[in-house]
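Below: the structure, in structure tokens.
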Amino acid sequence: MFAQFLLNLFLALLWLLLVDEPVPQLTTFFTGFVVGIGILYVMHRFFGTQFYLRRVMKILYLMLLFIKELLSSSYLVIKQVLTPNLQITPGIFTYKTSLQGEWEITALALLLTLTPGSVVMEVSESGDVFYIHAMDIEESKESIIRSMGKFEKAILEVTR
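For the sequence shown, this note's numbering gives the first residue as 428, with consecutive numbering after it.
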């Protein structure tokens, strides 16, 4: 992936030099970058890896998914905290994951911990079971499991 990006930058620089403008323009470099994307897309099957912009788009999707889950869980936590009679039932539950690598498991644990209302307390030795503390287990357990499933799918798309 990184090699394809460097090759794309090289093609953009080559484009900038071949246009032969008296003063190099950023728009010419950008045009060369876009032309390089087209060339690399046509030739990416010869590299033996997937096209690098596909993974970049999946990373952007994971970031947008995290922001969406962060905003929705923040709204729920604020709503619960601002109610006059705090009626929450904190609790701990387990979640079995299909992720395998250290990076994948760490990313999932961090994404869940960064969303308000839930904290990953521990990960099992084998790395496939998360112990999660939820602020209100009755209401938020299903939403946490649903968001973890979304995060898991997005992380798998990014890493594999």
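Idealized CB from N, CA, C, for every residue including glycine.
Range covered by the beta strand (DSSP E) that runs through residue i
i	result
I665	The shown model of the chain, from 428 to 587, leaves out residue 665, and the question about it has no answer.
F557	556-561
M548	545-550
Buried versus exposed call for residue i [16 or more other C-beta atoms within 10 Å across all chains shown]
i	result
D563	buried
Q452	exposed
P543	buried
I505	exposed
W442	buried
M548	exposed
heavy atom of the ligand PLP below 6 Å from residue i C-beta
i	result
D447	This structure lacks the ligand PLP, and indeed carries no ligand of any kind.
Coil, strand or helix - residue i by DSSP
i	result
M575	helix
T593	Nothing in the structure corresponds to residue 593, since the chain is present only between 428 and 587.
For this session: Kindly confirm or deny that the region 518-526 and the region 562-577 touch, where touching means at least three C-beta pairs closer than 8 Å.
Result: yes
Exercise. Okay, do the region 575-586 and the region 480-499 touch, 3+ Cβ pairs below 8 Å being the bar?
Worked result: yes
Exercise. What alpha helix (DSSP H) runs, 4 residues minimum, are completely inside the region 451-532?
Worked result: 453-470, 479-509
For this session: Say whether the region 455-471 touches the region 429-438, bearing in mind that this needs 3 or more beta-carbon pairs closer than 8 Å, one atom from each stretch.
Result: yes
Exercise. Does the region 495-506 come close enough to the region 449-463 that 3 or more CB-CB pairs lie under 8 Å?
Worked result: no
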